Amino acid sequence: MTLLIVIIVLALIFDYINGFHDAANSIATIVATKVLLPFQAVVWAAFFNFLAYWVFGFGVANTVAKTAKTEHIDLVVILAGVIAAIIWNLFTWWKGIPSSSSHTLIGGFAGAAIAHAGFNVVNWYKPGEDGHLPTGVLIVIAFIALAPLLGMVISYFISIWLLHSSKKSIYPKLFTISLMLLVGWFFSTVLDFSPEKQRFSNKFLSFLAYPENIKWFLVGIIFYSLAIFNLFFSSMPTAKAEKTLKKMQLLSSASFSLGHGGNDSQKVMGIIAAAVTIAVRDYNLKLSDFWLDLNVDIDKSIMPGWIPLACYTVIGLGTLSGGWKIVKTMGSKITKVNAFEGVVAESAGALTLFTTEHFKVPVSTTHTITGSIIGVGVTKRVSAVRWGVTVNLLWAWVLTIPVSALIAMLVYYLVNLFI
């Protein structure tokens, strides 16, 4: 029982470290463009990290919890994985390297599981169900490249869209109006107008408050804010356009922080859920007799409220602590960023995170925002991106999972010597 408590505490410590390690993801551009002071920016980001508690479900948590087959592992495996993740996260923070906390956690979990029961205990690949993408460690590895690429492509096209809209021509406006109509039609196909779970007696309020719908509303707010700006961009004086973009950056930064909280907190939720499931099985714990509610069912995405509440609270507190070395790398070393580019990068990053969360894919917020910033830089000219810095980041990304796995294996063997 003590081991479970230790794992929960360490997992929350990792969540806290994740917050200050990844704070740069949401605030680097807004600080670099001087829209907010650093302290104001972390308070802003932390608030929206926590707000994600009411928006996102447990899809990514479910995927992370199934990194390894829980019926073949024990609590020592999870303990070793979390310790390894903390070690690598602190090391990369110390060095100012924006590596992925998500991949650190998954690599540590998988490495400890392999040390315990061999390679077959890891869920490498599982076909998608109910319209979702396939899951497994191989899919997570694939998104090391796909997440930043997706962020880069989205930010590139948003940049081109905005740049053309600045021209005094009717054609960009017609394109924007057509795009607004097309996106409106798309939302009519994905919104659930009669959700099964009614949160309120009023059907309209239940429709507005349904988590799956809230995500699409947020995507709509991001898109239509950009679209409305585009319609008036060409008629705005430069100073007014810059001022408007800085206000829009508050929205784009908030959206990315919301996606960051929803994506990264769920990974820790998944680890805690897996630990509780194993503890209940191995120690024959009764779900209602213990001082914590232990009613967890990973397959049915059932989780007691204290797990998500603790995770979202702690990641918000971690974000409040900042992570200034990484802020410098993300905000200025990759490419110089102005308000226009900040809005584009954060909007593209948020759209990427909402999309991957919808498909239950645990991607790296670090990789996503880095790809988005690169996409913005490429629209100016290829040489605007400091590719030397970018290549170093890529090395850190590629090495994170295998290094975390190796550290976890070593920790697993060391822990077993004393337990």
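Using my numbering, the letters of the sequence shown map in sequence onto residues 164 to 582.
Glycine included, each C-beta is placed from N, C-alpha and C at the ideal position.
In this text, all values refer to a predicted model and were calculated from it rather than measured experimentally.
Would you call residue 402 buried or exposed, if buried means 16 or more other Cβ atoms sit within 10 Å of its Cβ? Exposed, because fewer than 16 other Cβ atoms sit within 10 Å of the Cβ of residue 402.
Tell whether a beta-carbon distance below 8 Å holds between residue 314 and residue 468. Using a Cβ distance threshold of 8 Å, residue 314 and residue 468 do not count as a contacting pair.
Just the Cα atoms here: how many angstroms apart are residue 388 and residue 411? As the crow flies, the alpha-carbon of residue 388 is around 8 Å from that of residue 411.
Among 205, 221, 508 and 569, which residue has its Cα nearest to the Cα of residue 318? For residue 318, the nearest C-alpha among the options comes from 508.
8 Å contact criterion, which residue 563 and residue 267 should meet: CB distance rounded: Indeed they touch by this definition, with Cβ atoms about 6 Å apart.
With which residues is residue 460 paired in a DSSP beta bridge? Paired residue(s): 465.
So residue 229 packs on residue 284, CB below 8 Å; how close in whole Å? At roughly 11 Å, the Cβ-Cβ gap does not stay under 8 Å, so residue 229 and residue 284 are not in contact.
Relative to the C-alpha of residue 430, which residue among 205, 463, 190 and 270 is closest? Among 205, 463, 190 and 270, the Cα nearest to that of residue 430 is on 270.
Apart from the five residues on each side of it in sequence, which residues of its chain come closer than 8 Å, Cβ to Cβ, to residue 385? Setting aside the 5 residues that flank it on each side, residue 385 is surrounded in the same chain by 414, 415, 418, 510, 513 and 514, each with a C-beta closer than 8 Å to its C-beta; the list follows chain order.
Could you spell out where the alpha helix (DSSP H) holding residue 333 opens and where it closes? Looking at the DSSP string, the run of the alpha helix (DSSP H) that includes residue 333 is 333-353.
Who are the Cβ neighbours of residue 226 in its own chain at under 6 Å, not counting the five residues just before and after it? Leaving aside the five residues that flank residue 226 on each side, the residues in its chain whose CB is nearer than 6 Å to its CB run, in chain order, 298, 523 and 525.
According to DSSP, simplified to helix, strand and coil, what is residue 300? Judged by DSSP in its simplified three-state form, residue 300 adopts helix.
Quick one: residues in its chain with C-beta nearer than 7 Å to the C-beta of residue 408, no 5 flanking neighbours on either side, listed in chain order? Taken in chain order, the residues that qualify are 502, 503 and 506.
8 Å contact criterion, which residue 356 and residue 370 should meet: CB distance rounded: Yes, they are in contact, since the Cβ atoms of residue 356 and residue 370 sit about 6 Å apart, within 8 Å.
Given residue 247 as reference, the closest of 197, 482 and 264 once Cα atoms are compared: For residue 247, the closest of 197, 482 and 264 by C-alpha to C-alpha distance is 264.
What do you reckon, are the CB atoms on residue 178 and residue 477 nearer than 8 Å? Closer than 8 Å, so yes.
Can you say whether residue 367 is buried or exposed, counting buried as having 16 or more other CB atoms within 10 angstroms of its CB? So residue 367 ends up on the exposed side.
Start and end residues, alpha helix (DSSP H) containing residue 358: Counting along the chain, residue 358 falls outside any alpha helix (DSSP H), and DSSP gives it neither H nor E.
What does DSSP give as the partner residues of residue 231 in its beta bridges? According to DSSP, residue 231 shares a beta bridge with 285.
Using CA atoms only, rank isn't needed, just tell me which of 239, 203, 210 and 174 is closest to residue 442. Out of 239, 203, 210 and 174, the CA that lies nearest to the CA of residue 442 is found in 239.
Can the beta-carbon of residue 516 be found closer than 8 Å to that of residue 433? No, Cβ-Cβ distance for residue 516 and residue 433 is not below 8 Å.
Determine, using beta carbons only, whether residue 378 and residue 218 come nearer to each other than 8 Å. In contact: residue 378 and residue 218 (Cβ atoms closer than 8 Å).
Determine, using beta carbons only, whether residue 208 comes closer than 8 Å to chain C. As a matter of chain content, chain C is missing from the structure shown, which is built from one protein chain.
Assuming residue 207 is part of the alpha helix (DSSP H), what are its boundary residues? From DSSP, the alpha helix (DSSP H) with residue 207 extends over 201-214.
Do the CB positions of residue 221 and residue 328 come within less than 8 Å of each other? In this structure, residue 328 does not lie closer than 8 Å to residue 221 by Cβ.
Using a 10 Å radius around the Cβ and a threshold of 16 neighbouring Cβ atoms, would you call residue 211 buried or exposed? Buried, because 16 or more other Cβ atoms sit within 10 Å of the Cβ of residue 211.
Closest by CA to residue 558, which one among 255, 171 and 167? For residue 558, the nearest C-alpha among the options comes from 255.
What does a CB cutoff of less than 8 Å around residue 480 pick up in its chain, not counting 5 residues either side in sequence? Cβ within range, chain order: 179, 182 and 209.
Pick from 303, 400 and 380: whose alpha carbon is nearest that of residue 331? If we check each option's Cα against that of residue 331, 400 comes out closest.
Could you check how far apart the C-beta atoms of residue 425 and residue 215 are, in whole angstroms? I think they sit under 8 Å. With 8 Å as the limit, residue 425 and residue 215 qualify as a contact, their Cβ atoms being about 4 Å apart.
Pull up the distance between the alpha-carbon of residue 470 and that of residue 280, whole angstroms please. Looking at the two C-alpha atoms, the distance is approximately 28 Å.
Assuming residue 171 and residue 438 make a contact with CB atoms under 8 Å, what is their CB distance in whole Å? Contact between residue 171 and residue 438 holds, with the beta-carbon distance rounding to 7 Å and staying under 8 Å.
Using C-beta distances below 6 Å, list every residue in its chain close to residue 572, excluding the 5 sequence neighbours before and after it, in chain order. Residues of the same chain with a CB within less than 6 Å of the CB of residue 572, apart from the 5 flanking positions on each side, are 274 and 278 in chain order.
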